[in-house]
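Peer 1: Just so you know, we're using the numbering used here here: the sequence shown kicks off at 2 and counts up by one.
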Amino acid sequence: MAEPILGLTGPVVAAVLLGAVLHASWNALIKSGRDKQLDTALIHSIGVVFALPLVFYTGLPDPAAWPYIGLTTVIHLGYYIALAGAYKHGDLGLTYPVMRGTAPLLVAMASFTFIGEGISFAAWLGVAAICAGVLTLGLSRNALHVVHGDEARRRKALRFALTNACIIAIYTVVDGLGVRASGNATAYVAALFLLDGIPYMMLVMWQRGAGRRAALRYMAGRWKIATVGTMASIGSYGIALWAMTRAPVASVAALRETSVLFAALIGAAFLGERFGWQRAAGTLVILAGVMLLRFG
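1) Is the beta carbon of Y172 sitting closer than 8 Å to the one on I76?
2) Could you compute how far the alpha carbon of T103 sits from the alpha carbon of A282?
3) What are the boundary residues of the alpha helix (DSSP H) that includes D1?
4) Is it right to say T246 is buried, meaning 16 or more other beta carbons lie within 10 angstroms of its own, or is it exposed?
5) V174 to V108, Cα distance in whole Å?
6) For V13, count neighbouring Cβ atoms within 10 angstroms of its own Cβ and tell me buried if that reaches 16, exposed if not.
7) Where does the unbroken alpha helix (DSSP H) through D176 begin, and where does it stop?
8) Scan the segment 10–85 and note each continuous alpha helix (DSSP H) run of 4 residues or more that stays entirely inside, going in chain order.
9) In three-state terms, what does DSSP make of S112?
10) Which residues mark the beginning and the end of the alpha helix (DSSP H) in which T187 is found?
11) Would you check if the distance between the CB atom of W243 and the CB atom of A186 is smaller than 8 Å?
12) Closest to A326 by CA distance: which of G177, A251 and I240 is it?
13) In three-state DSSP terms, what is A248?
14) Helix, strand or coil for I120, going by three-state DSSP, please let me know.
15) Throw me the rounded Cβ distance for the L106 and A129 pair, which I believe falls under 8 Å.
16) Excluding the 5 residues preceding and the 5 following M2 in the sequence, name in chain order all residues of the same chain whose CB lies nearer than 8 Å to its CB.
17) Using the C-alpha atoms, what's the distance from L136 back to I287?
18) Under a Cβ-count criterion, where at least 16 other Cβ atoms within 10 Å of its own Cβ denotes burial, should W278 be classed as buried or exposed?
19) By a C-beta neighbour count over all protein chains shown, 10 Å radius and 16 as the cutoff for buried, is Q208 buried or exposed?
20) For my contact list, G71 and F194 are in at a C-beta cut-off of 8 Å; report their separation, rounded to the angstrom.
21) Assign T114 to buried or exposed, taking buried as 16 or more other Cβ atoms, counted over all protein chains shown, within 10 Å of its Cβ.
22) On a Cα-Cα basis, can you pick out the residue from L53, L293, I131 and A270 that is closest to S26?
23) To the nearest angstrom, how far is the alpha carbon of G127 from that of A248?
24) Within this structure, are the beta carbons of V17 and L217 separated by less than 8 Å?
25) How many Å lie between G11 and A21 at the Cα?
26) Select from A265, A153 and L293 the residue whose C-alpha is nearest the C-alpha of T284.
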């Protein structure tokens, strides 16, 4: 039996924030690599190793969930392609906040339109505040790059990022419906990660052509750290999908994008990046949005 949709209780908020930390962590691992396309493919294809025993443990999700799993697998392929395109033409600090900061508003509108799931006025304000805070926090890092960088490349990166924001909103709504139809959030996550990463890995290796041997050597040196990223990715999205069985999809999606805040904190603490007043202002706006979501 599906869990009743209750709302953003304290435990749900804590779990989603933990998921946001995990999401920021695996993105930081991708940022640390020389080949972001291969790192993305490796992290998500390793998911099969964890998903297969999990499927044996949980069993398969309800048959009603499989159309959603098939659809979201195709959508995720588009997500990875757009993600690699955004990172190819623009810095992570420019594209990541645009993707993650724009998507929650799109999710909120799509949830109301396609799921019939409304949220309160205060929660709408919370979603908007988190989006504004995420964009303020993230885009502040690249102010000089935007002014002095290659304008054509920046525009191309933003097109990829905005396209991906739409893709993120679509797969979030699809997975929100799918996990509720599955009867078991863990079984849905296991089945999703069993199928999700392989198509993109096959596409990347096909694109490498004569460079496949070099790609395999690169991945052989990265598989250990990529495995950590895989566990963080599975944990992050698994928590988010579980939360969607307990709270409105729009609220969970917005709260999850606090990952940009945690990415900024990781950068300041471990990568020597400046925090600055704009980041501080964005942090306060995000915190205000979280409070509005929690108590709205």
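C-beta: ideal position from N, C-alpha, C; glycine also. On a predicted model such as this, the values are computed, not experimentally measured, just so you know.
Peer 2: By the coordinates alone:
1) In contact: Y172 and I76 (Cβ atoms closer than 8 Å).
2) Put simply, the backbone Cα of T103 is about 18 Å away from that of A282.
3) The chain is shown from 2 up to 297; residue 1 falls before or after that span and cannot be answered.
4) By the neighbour-count rule (16 or more Cβ atoms within 10 Å), T246 is buried.
5) Rounded to the nearest whole angstrom, the C-alpha separation of V174 and V108 is 7 Å.
6) Buried, since its Cβ has 16 or more Cβ neighbours within 10 Å.
7) Per DSSP, D176 belongs to the alpha helix (DSSP H) from E152 to S183.
8) Uninterrupted alpha helix (DSSP H) stretches at least 4 residues long and entirely within the segment 10–85 occur at 11–33, 37–46 and 48–59, given in chain order.
9) Of the three classes helix, strand and coil, the one that applies to S112 here is helix, per DSSP.
10) Start and end: A186 to R209.
11) Taking 8 Å as the cut-off, the beta carbon of W243 is found closer than this to the beta carbon of A186.
12) Because the chain spans 2 through 297 in this model, residue 326 falls outside it and cannot be assessed.
13) Coil, per DSSP.
14) Annotated three-state conformation of I120 is coil, per DSSP.
15) Taking C-beta atoms under 8 Å as the contact rule, L106 and A129 qualify, at a distance of about 7 Å.
16) Low local confidence applies: a pLDDT of 44 at M2 is under 50, so the model's placement there is unreliable, and no value is given.
17) Within the model, the alpha-carbon separation for I287 versus L136 is close to 10 Å.
18) By the neighbour-count criterion, in which a residue is buried when 16 or more other Cβ atoms sit within 10 angstroms of its Cβ, W278 is exposed.
19) It counts as exposed.
20) Not quite, the Cβ-Cβ distance comes to about 14 Å (not below 8 Å), so this is no contact.
21) The residue is exposed, with fewer than 16 neighbouring Cβ atoms inside 10 Å.
22) The residue among L53, L293, I131 and A270 with its C-alpha nearest the C-alpha of S26 is A270.
23) Distance from the CA of G127 to the CA of A248, rounded to the nearest whole angstrom, comes to 15 Å.
24) No, the pair does not count as a contact, with Cβ atoms beyond the cut-off.
25) The alpha-carbon atoms of G11 and A21 are separated by roughly 15 Å.
26) When each option's Cα is compared against that of T284, the closest is A265.
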